[in-house]
Amino acid sequence: MKGLFITLEVSAISLILSFIFGLFSALFSISNSFMLKFLSTFYVETIRNTPLLIQIFFNYFVISPIFDISPFVTAILTLSLFEGAYASEIIRGGINSIPLGQYEAARSLGLTEYQMYRFIVLPQALKNVAPPLASQGISLIKDSSLISTISVYELTLYGQAIVSETFLSFEVWFTIALIYLIINVILSAGIKIFSKKVARSAI
Numbered sequence: 106m107k108g109l110f111i112t113l114e115v116s117a118i119s120l121i122l123s124f125i126f127g128l129f130s131a132l133f134s135i136s137n138s139f140m141l142k143f144l145s146t147f148y149v150e151t152i153r154n155t156p157l158l159i160q161i162f163f164n165y166f167v168i169s170p171i172f173d174i175s176p177f178v179t180a181i182l183t184l185s186l187f188e189g190a191y192a193s194e195i196i197r198g199g200i201n202s203i204p205l206g207q208y209e210a211a212r213s214l215g216l217t218e219y220q221m222y223r224f225i226v227l228p229q230a231l232k233n234v235a236p237p238l239a240s241q242g243i244s245l246i247k248d249s250s251l252i253s254t255i256s257v258y259e260l261t262l263y264g265q266a267i268v269s270e271t272f273l274s275f276e277v278w279f280t281i282a283l284i285y286l287i288i289n290v291i292l293s294a295g296i297k298i299f300s301k302k303v304a305r306s307a308i
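Using our numbering, read the sequence shown as starting at 106 and increasing by one per residue.
Here it is in structure tokens:
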């Protein structure tokens with residue numbers, strides 16, 4: 106149960122941060138600034154084209170000692186950056202799906218660029234991409250098992266410790282797999298209900 110609490114804590118914090126990273130990266134990618142576009146593209150392509158495990162090791166063994174970052178914080182930042190890159194593409198797709206007429210109407214009303222995105226574009230875009238963003242939460246929970254490799258005592262590492270003490274490999278790993286399954290089934294059911302509500306409101 107201690108490991109489960111840590112897993113949920115890491116996943117919840119990482120989910121919030123990944124949304125923030127993804128939102129800013131998506132906005133940078135559609136900006137008129139070459140530098141912002143470059144930073145967004147570099148971030149997304151670098152993260153999406155390297156394995157998460159390698160990123161965890163790099164941040165833990167290279168970045169963390171330089172800035173004296175704890176394994177727990179390293180795990181959260183790595184998961185947030187990793188999932189944020191995928192969230193960025195989802196949000197950018199949602200923004201690009203908004204009809205040009207919405208932009209023209211906002212400009213005709215005299216709204217600033219900030220007001221246009223704040224009150225017109227982003228509310229519609231985020232509503233459309235909410236289900237796939239929620240699905241990223243499921244991926245994040247499953248990916249969190251990899252942080253056991255840097256000695257963060259979440260669900261998987263506690264399982265390894267129990268196995269080493271009891272030698273009950275099947276019983277322990279079956280229980281851990283069942284816990285992950287229950288969590289993700291509940292989240293999947295919640296996502297389906299939410300998606301149906303979004304679809305009804307859009308009609």
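Positions of the beta carbon are idealized from the N, C-alpha and C atoms, including for glycine.
Quick check: residue i and residue j, are their CB atoms within less than 8 Å of each other?
| i | j | result |
| --- | --- | --- |
| Ala190 | Ile152 | yes |
| Leu260 | Thr112 | yes |
| Pro204 | Val257 | no |
| Leu184 | Ser119 | yes |
| Lys142 | Phe129 | no |
| Ser116 | Leu273 | no |
| Asn164 | Leu182 | yes |
| Ile296 | Pro236 | yes |
| Gly242 | Leu292 | yes |
| Ile196 | Ala230 | yes |
| Val226 | Glu194 | no |
| Ile281 | Gly264 | yes |
| Leu238 | Phe126 | no |
Based on Cα-Cα distance, which residue from the options lies nearest to residue i?
| i | options | result |
| --- | --- | --- |
| Ile135 | Glu218, Gln160, Val115 and Phe110 | Glu218 |
| Gly89 | Ala211, Ala210, Trp278 and Lys232 | Nothing about residue 89 can be read from this structure; the chain reaches only from 106 to 308. |
| Gln160 | Ile288, Ser145 and Asp248 | Asp248 |
| Ser250 | Ala239, Leu286, Asn164 and Leu262 | Leu262 |
| Gly108 | Ile267, Ser240 and Leu122 | Ile267 |
| Tyr222 | Phe110, Val290, Ala131 and Met106 | Ala131 |
| Phe162 | Ile255, Trp278, Thr271 and Val277 | Ile255 |
By DSSP, does residue i sit in helix, in strand, or in coil?
| i | result |
| --- | --- |
| Phe272 | coil |
| Ser123 | helix |
| Leu214 | coil |
| Glu194 | helix |
| Met221 | helix |
| Val115 | helix |
| Val234 | helix |
| Pro228 | helix |
| Ser256 | coil |
| Ile291 | helix |
| Lys202 | A small fix is needed here, since residue 202 is Ser in this sequence, not Lys. Ser202: coil per DSSP, three-state reduction. |
Buried or exposed for residue i, please, with buried defined as at least 16 other CB atoms from any protein chain shown within 10 angstroms of its CB.
| i | result |
| --- | --- |
| Phe187 | buried |
| Ala382 | Residue 382 is absent from the model: the chain starts at 106 and stops at 308. |
| Leu158 | exposed |
| Ser145 | buried |
| Gly215 | exposed |
| Val167 | exposed |
| Ala294 | exposed |
| Val234 | buried |
| Ile298 | exposed |
| Val290 | exposed |
| Ser213 | exposed |
So is residue i in contact with chain C if we call contact Cβ pairs under 8 Å?
| i | result |
| --- | --- |
| Pro176 | This model lacks chain C altogether; it includes just one protein chain. |
#### Entry: Unbroken stretches of the alpha helix (DSSP H), 4 residues or longer, contained in the segment 136 to 190
139 to 153, 157 to 163 and 169 to 172
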